[in-house]
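Okay, structure first, notes after.
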Amino acid sequence: MTPERSEKLTEVLNRRQNNLTVVMENVQDPHNISAVMRTCDAVGIQDIYILTNKIPRHKKWGAKSSSSAVKWLTVHEFTDAAECFMALRKNYEHIYTTHLSADAASVYEIDFTKNVALVFGNEHAGVSDEIRSMADGNFIIPQMGIIQSLNISVACAVSIYEAFRQKNLAHHYDTPSLPQEQLKSLMREWKMYDELSSKPG
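Numbering (my numbering), first residue to last: 320 to 520.
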């Protein structure tokens, strides 16, 4: 690995955020999941959660959509909703679900300088009643059109780029956020990925 590449990996790792995550509940299309992964990587999210308690567990993601983003992320997979939320509660103080309801807040009203997890639901049914009952509230993306819905990957991108905006203003990207041990472990993994990808064949 060249010094320039090592410096790039270090720079990216130092901007990874430990207080923001995305949860995907029973999202069926692997290409949607991969597109979300790519956006998470772009805004510095390291850990993401995938819950498949009502659909078969995914065997692989849509590689073209992710541009191999999955290898740079830490993916936590669950087949039990309660276990998933138990893990989330250990790291995130506020958990919000995308759901159009009378009490839903605008995504622009969420304080993303705090520890926040955003839950995005199934392409057809949205976030389930079970998951909404365990969360802290609902949020929506304000829209002016007749069709009040967005593709999950688009909705996620809009939401976490608002988080990026707030966190950038709060200088969250100026200093390392991940624990030192996690930074070291990820650097070892990333260097290994780089070495494997650079080998011919």
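C-beta: ideal position from N, C-alpha, C; glycine also.
At least 8 Å separates the beta-carbon of Thr432 from that of Ala361. Ser420 carries a coil assignment under DSSP once its states are collapsed to helix, strand and coil. If only uninterrupted alpha helix (DSSP H) runs of at least 4 residues are considered, those enclosed by the stretch 430-460 are 448-453. Within the same chain, Met320, Ser325 and Leu328 come within 8 Å of Lys510 by CB-CB distance, once the 5 residues on both sides are set aside. One Cα belongs to Arg334, the other to Asp422, and the distance between them is close to 34 Å. In the structure shown, the three-state DSSP call for Val341 is strand. Per the Cβ contact rule, the stretch 354-371 is in contact with the stretch 470-488 (3 or more Cβ pairs under 8 Å). Distance from the CA atom of Trp391 to the CA atom of Leu332, rounded to whole angstroms, is 10 Å. In this structure the stretch 453-473 lies against the stretch 410-417, because at least three pairs of beta carbons, one per stretch, are closer than 8 Å.
The beta-carbon separation of Asn338 and Asn487, rounded to 14 Å, does not stay under the 8 Å limit for a contact.
Checking the DSSP bridge columns, you'll see Leu370 partnered with Glu344 and Phe397.
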